[in-house]
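**Student:** Just so you know, the protein sequences line up as chains A and B, in that order.
Its first residue numbered 1, the first sequence is counted upward by one per residue in full-length UniProt numbering.
Its first residue numbered 1, the second sequence is counted upward by one per residue in full-length UniProt numbering.
2 protein chains.
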Amino acid sequence: MPNHLSPEPCRHMCTLDERSCHGHHVLFSVNNLNFLNARNASFFAANINTHIHLVKSSTIRRKYLLPASVHGEIGPQISAWISSNGFSALKGTNWELHLSFDARAGAVISLASVKDSDKGVFRPVLYRGHVSELFVPYMDPSADWYFKTFFDAGEFALGLLTAPLEPFTDCPANAVFMDADVAGVDGSPVRNIPNAMCVFERYAGDVAWRHTEVITEVRPEVSLVVRSAAVVGNYDYVIDWEFKTTGSIKIGVALSGILEVKATYYSHADELSGDAHGSLIAGNTLGVYHDRFLTFRLDLDVDGPNNSFVKSRLRPVRAAAGPRRSYWTVEKETARRETDGSVELDATELMVVNPNRRTRIGNEVGYKIVSHGGTATSLLDDDDYPQRRASYTKRQVWVTAYDEAEKWAAGLYTDQSTGDDNLAAWSRRNREIENKDIVLWYTVGIHHVPCQEDFPVMPAVTGGFELRPTNFFDRNPLIRTRPNKQATWPNCSLIN
Amino acid sequence: MPNHLSPEPCRHMCTLDERSCHGHHVLFSVNNLNFLNARNASFFAANINTHIHLVKSSTIRRKYLLPASVHGEIGPQISAWISSNGFSALKGTNWELHLSFDARAGAVISLASVKDSDKGVFRPVLYRGHVSELFVPYMDPSADWYFKTFFDAGEFALGLLTAPLEPFTDCPANAVFMDADVAGVDGSPVRNIPNAMCVFERYAGDVAWRHTEVITEVRPEVSLVVRSAAVVGNYDYVIDWEFKTTGSIKIGVALSGILEVKATYYSHADELSGDAHGSLIAGNTLGVYHDRFLTFRLDLDVDGPNNSFVKSRLRPVRAAAGPRRSYWTVEKETARRETDGSVELDATELMVVNPNRRTRIGNEVGYKIVSHGGTATSLLDDDDYPQRRASYTKRQVWVTAYDEAEKWAAGLYTDQSTGDDNLAAWSRRNREIENKDIVLWYTVGIHHVPCQEDFPVMPAVTGGFELRPTNFFDRNPLIRTRPNKQATWPNCSLIN
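#1: Residues in the same chain with beta-carbon distance under 7 Å from valine 449 (chain B), minus the five sequence neighbours each way, listed in chain order, please.
#2: Nearest by alpha-carbon distance to lysine 394 (chain A): which of A:Val352, A:Asn356, A:Arg292 is it?
#3: In the structure shown, what three-state DSSP assignment does residue 571 (chain A) receive?
#4: Glutamine 452 (chain A) CB to nearest chain E CB: under 7 Å?
#5: Can you pull the DSSP bridge partners for phenylalanine 150 (chain A)?
#6: Distance, Cα to Cα, leucine 294 (chain A) vs tyrosine 402 (chain A)?
#7: Please list the partners that phenylalanine 293 (chain A) has in chain B, where partner means a Cβ-to-Cβ separation under 7 Å.
#8: Quick check: alanine 254 (chain A) and valine 238 (chain A), are their CB atoms within less than 7 Å of each other?
#9: As a quick exercise: from A:Arg191, A:Arg219, A:Val176, A:Leu158, pick the residue whose alpha carbon is nearest that of threonine 481 (chain A).
#10: Pair every Cβ in the stretch 295–305 of chain A with every Cβ in the stretch 270–278 of chain A, then say whether three or more of these pairs are closer than 8 Å.
#11: Identify the continuous beta strand (DSSP E) that holds leucine 294 (chain A) and give its terminal residues.
#12: In angstroms, rounded to a whole number, what distance separates the CA positions of phenylalanine 243 (chain B) and alanine 208 (chain B)?
#13: Do the stretch 100–117 of chain A and the stretch 159–171 of chain A touch if we need at least three Cβ pairs shorter than 8 Å?
#14: Taking 8 Å as the cut-off, does the stretch 221–233 of chain B touch the stretch 412–424 of chain B (at least 3 CB pairs, one atom from each stretch)?
#15: So aspartate 170 (chain B) contacts chain A; which residues on that side make the cut at Cβ distance below 9 Å?
#16: At which residues does the beta strand (DSSP E) containing tyrosine 235 (chain B) begin and terminate?
#17: Let me see if you follow: with CB-CB separation under 7 Å, is leucine 259 (chain A) close to chain B or not?
#18: When Cβ atoms are compared, which residues of the stretch 190–204 of chain A fall closer than 8 Å to chain B?
#19: Using CA coordinates, which residue listed in B:Lys368, B:Val353, B:Trp441, B:Asn195 is at the minimum distance from isoleucine 249 (chain B)?
#20: Can you check whether the CB of lysine 311 (chain A) is closer than 7 Å to the CB of glutamate 333 (chain A)?
#21: Under DSSP, the beta strand (DSSP E) around alanine 424 (chain B) begins and ends at which residues?
#22: Starting from tyrosine 327 (chain A), trace the beta strand (DSSP E) both ways and give me its first and last residue.
#23: How close, in whole Å, do the beta carbons of arginine 325 (chain B) and aspartate 384 (chain A) come, if the pair is a contact with beta carbons under 8 Å?
#24: For alanine 157 (chain A), which of helix, strand or coil comes out of DSSP?
#25: Please tell me whether asparagine 476 (chain A) has its Cβ less than 7 Å away from any Cβ of chain B.
#26: Buried or exposed: where does arginine 388 (chain A) fall if 16 or more other Cβ atoms within 10 Å of its Cβ makes it buried?
#27: Is aspartate 340 (chain B) helix, strand or coil when you go by DSSP?
#28: Measure the alpha-carbon distance for glutamate 96 (chain B) versus glutamate 453 (chain A) and round it to whole angstroms.
#29: For the stretch 195–208 of chain A against the stretch 170–185 of chain A, are there 3 or more C-beta pairs whose distance is under 8 Å?
#30: Tell me the DSSP secondary structure of arginine 219 (chain A) in three-state form.
#31: To the nearest angstrom, how far is the alpha carbon of glycine 304 (chain B) from that of valine 136 (chain B)?
#32: Which first and last residues belong to the alpha helix (DSSP H) in which arginine 388 (chain A) is found?
#33: Whole angstroms is fine: what's the gap from leucine 259 (chain B)'s alpha carbon to asparagine 430 (chain A)'s?
#34: Please go through the same chain and pick out, in chain order, the residues whose beta-carbon is closer than 8 Å to the beta-carbon of lysine 56 (chain A), but skip the five residues on each side of it.
#35: Using a Cβ cut-off of 7 Å (strictly closer), state whether threonine 418 (chain A) contacts chain B.
#36: Is proline 459 (chain B) close to chain A? Criterion is C-beta to C-beta, closer than 7 Å.
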């Protein structure tokens with residue numbers, strides 16, 4: 001039992017959980033799973049034990065691997081094997097990484113290293129990365145809905161709810177698939193998820209770099225993608241870890257599935273009055289307003305374990321003389337303690353650097369954060385109970401000192417959390433984070449005002465961010481790649 | 001001559017242009033191209049006449065078209081023809097659009113309509129869309145650099161500087177290519193650009209929608225992409241118009257090419273002192289800080305010409321009673337005049353709706369704006385001369401009343417602009433924009449602090465936004481698409 005559990009604040013929700021199904025309410029104790037009260041109850045949803053997080057190695061199936069990449073140069077194929085420590089190791093494009101599976105987080109990336117072709121060595125970037133929490137508060141304060149403030153990782157377990165991926169649709173035809181086994185507390189397997197993850201080289205038709213000046217030189221982009229999809233009841237979360245040949249790690253989420261809907265007497269928008277807490281998305285059907293905050297835990301080891309967090313603020317400067325009256329410059333600030341490590345995204349470049357490693361011309365090697373949409377932060381009041389538990393969702397970025405026990409942003413025992421064992425609480429300890437083993441936390445946030453297109457199954461809404469090498473390499477790491485040739489284009493005919 | 005040209009403010013830069021090459025300065029009159037003054041001058045860059053913007057139809061070459069889509073179901077192939085009005089018309093996936101080419105803007109999309117499969121008709125979305133301006137101010141106030149505040153469309157012409165696209169690298173192997181002819185003022189062709197644009201169906205391996213619940217249903221994403229690349233001296237701008245089967249138009253920019261660099265005596269970062277106005281990216285080489293603001297003009301006709309601009313602010317609400325203390329709701333405000341039409345991106349959903357068209361259940365049909373990164377706004381002072389000319393870059397979104405003369409965000413005669421004929425100036429006229437033919441302007445902005453990876457050619461930096469149908473369709477428009485089958489996977493062997 002977590003010894004921090006306080007019986008005092010908001011007692012009702014700390015130790016009790018309430019679930020409903022269309023007006024049938026059930027109240028039960030999370031501590032001892034006692035059934036306490038029901039109103040019009042016909043059934044109740046059991047509280048899932050989310051504290052299984054043993055990891056077991058996976059098997060890899062290759063049946064859909066193509067003889068050659070179809071869109072580009074014949075590059076190095078993905079190779080995968082079970083390494084001696086029981087993890088699956090992958091090698092593809094210019095990355096090496098280990099891939100494992102966790103009942104709570106789903107896919108876990110570890111020991112991701114990128115090849116520095118100028119130096120001929122693999123250099124570490126990401127020691128361990130995974131989804132840490134997924135907070136989904138709904139915006140209807142009524143009795144049926146107020147408690148719908150789900151922590152999908154901590155309360156339901158993204159790994160346990162990982163769906164088998166479909167060849168040809170969930171992943172492209174050149175993907176390889178990996179199964180996952182989830183072990184129970186006694187070590188025996190409790191679930192096998194076939195095709196739990198897929199790995200493929202992605203040829204999206206994008207350009208990695210180009211320039212025309214008398215001659216034209218272009219290199220197409222190829223990346224290594226690790227994909228999994230968790231289906232938490234109604235919603236589907238497709239999570240991509242994309243390792244680019246340029247050295248970037250791009251983390252993308254695609255949200256699909258079915259909206260949580262609420263019945264209404266009305267079948268036309270004009271009939272609605274007051275705050276319906278949702279949009280009319282079909283006859284008699286309201287899609288309730290909600291947010292989705294996916295928090296990633298990224299234990300970065302940029303060229304080694306000891307890193308610093310540098311905020312480069314772009315500061316406007318009034319020009320002293322000359323026709324120009326203003327410009328901006330860069331003011332770097334290295335975060336010394338955790339209170340300097342939590343920030344909101346603005347006109348500041350955020351970097352994780354290794355102050356002990358320099359490039360040949362003296363720049364600190366680093367990776368910067370680049371947002372690709374989904375930058376919402378929570379709008380709930382700080383004293384609102386779900387917000388206290390997810391208080392870390394008020395800022396997109398946190399940097400904390402490494403602590404083995406701090407893996408789950410909403411706390412280890414999320415069901416019973418009160419907000420005193422979460423990411424924001426750990427940060428308040430204000431440990432030193434300069435030139436230490438630090439952990440970066442990034443939250444992809446999306447406010448969702450449903451619309452008719454989201455019904456009956458919603459087209460994917462995407463968001464994500466990129467960890468981009470910034471003075472990590474001495475120069476563009478792709479500059480020496482050879483151009484494509486027409487001769488590498490395969491000759492295709494249809495099977496059927 | 002534009003009659004608004006004022007001789008008073010900042011006379012030096014209004015009518016004169018100064019160009020330099022490594023310390024050699026040339027001062028010349030933009031009005032009559034007189035050579036006025038030179039310091040250590042060895043040559044000067046001529047001022048390009050950017051006011052050719054006649055459009056001529058293009059030809060389409062299909063040599064690389066595949067017999068079938070390689071990653072998915074065999075969908076409708078792209079068909080293209082020269083339509084009766086001289087434009088090239090395209091039909092692919094579920095979109096129909098016209099494609100033309102303009103010497104100043106580059107690729108121009110017009111009459112883009114999406115098929116509503118429930119109604120069996122094509123419905124208009126975008127009447128005309130193109131890059132309007134590309135403002136690139138550098139952040140070095142010294143004599144060699146202060147005037148480097150380029151307007152790449154208005155001063156140099158993106159169409160004239162469009163580079164031929166390379167098959168297999170600039171565009172994937174299934175692309176079709178189109179040439180562009182640029183006509184002079186007398187109608188005679190002055191330049192032919194082979195492969196100026198390419199069109200392809202994109203199979204990036206993404207999921208369009210999915211859900212697992214007992215059974216699994218997934219549909220992979222296919223989109224129609226129109227691509228072109230303008231090379232403005234050192235920088236390459238790859239611009240994608242992506243038409244998704246879900247009804248979204250996603251506009252993406254990928255910035256590559258070569259940095260504008262400045263020589264320095266120093267070859268190590270530790271030797272730099274004070275504000276160098278750039279980063280040391282190689283020995284004796286500074287990459288000067290700069291911004292890039294790509295402004296798109298989008299003359300939307302959402303289901304018809306008369307549209308309104310609706311801002312849906314997500315407003316936090318204190319809960320009156322019950323365990324929940326807060327939630328957010330949506331407050332819609334329809335912009336009545338142009339002053340309500342210029343906004344910064346925040347927790348507000350921005351939509352263009354057609355108030356004269358409703359869905360079956362009564363929602364106004366619309367398209368909303370979704371950012372996918374690149375949301376920077378200018379940090380320059382309002383009274384700085386380049387900022388006065390590009391004053392519209394302080395906000396990402398503007399909505400103006402349609403005016404045939406208002407196509408170029410920095411004014412028709414950009415070289416001689418003073419800021420009194422630009423997008424911000426037009427907006428100050430404060431015309432009515434409710435239920436009118438309106439134009440949406442969106443600026444993709446990127447602050448660029450160069451790093452060593454950007455040298456010698458930079459890996460693409462991406463940004464963009466999406467116009468996403470929001471209550472435009474009665475339901476998910478892809479819900480009726482058939483799933484992929486393994487049998488549609490082609491049998492490939494290598495040509496060589």
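We put the CB at the ideal spot given by N, CA and C, even for glycine.
**Tutor:** According to the structure data:
#1: Ser279, Tyr289
#2: It is A:Arg292.
#3: Since the first residue of chain A shown is 1 and the last is 496, residue 571 (chain A) is not available in this structure.
#4: This model lacks chain E altogether, as its protein chains are A and B.
#5: A:Val136
#6: 20 Å
#7: Neighbours of phenylalanine 293 (chain A) on chain B: none; closest Cβ ~13 Å, over 7 Å.
#8: yes
#9: Nearest option by C-alpha distance: A:Arg219.
#10: no
#11: 290–300
#12: 13 Å
#13: yes
#14: no
#15: Contact annotation for aspartate 170 (chain B) against chain A: Val207, Arg210, Thr216, Val218, Pro220 [CB-CB distance below 9 Å, chain order].
#16: Run containing tyrosine 235 (chain B): 235–244, per the beta strand (DSSP E) assignment.
#17: no
#18: Phe200, Arg202, Tyr203, Ala204
#19: B:Lys368
#20: yes
#21: Element bounds for alanine 424 (chain B): not the beta strand (DSSP E) but the alpha helix (DSSP H), 423–428.
#22: 326–334
#23: Between the beta-carbon of arginine 325 (chain B) and that of aspartate 384 (chain A) there is about 4 Å, and that keeps the pair under the 8 Å contact cut.
#24: coil
#25: yes
#26: Residue environment for arginine 388 (chain A): buried (at least 16 other C-beta atoms within 10 angstroms of its C-beta).
#27: helix
#28: 20 Å
#29: yes
#30: Under the three-state reduction of DSSP output, arginine 219 (chain A) falls in the strand class.
#31: Those two C-alpha atoms are separated by around 35 Å.
#32: 385–389
#33: Separation of leucine 259 (chain B) and asparagine 430 (chain A) (C-alpha to C-alpha, rounded to the nearest whole angstrom) is 40 Å.
#34: Since pLDDT at lysine 56 (chain A) reaches only 29, below the 50 mark, its modelled position is unreliable, and the value read off the structure follows with that caveat. Same-chain partners within the cutoff: Gly86, Phe101, Ala180, Asp181, Val182, Ala183, Pro189.
#35: Closer than 7 Å: no.
#36: Judged by the 7 Å Cβ criterion, proline 459 (chain B) is in contact with chain A.
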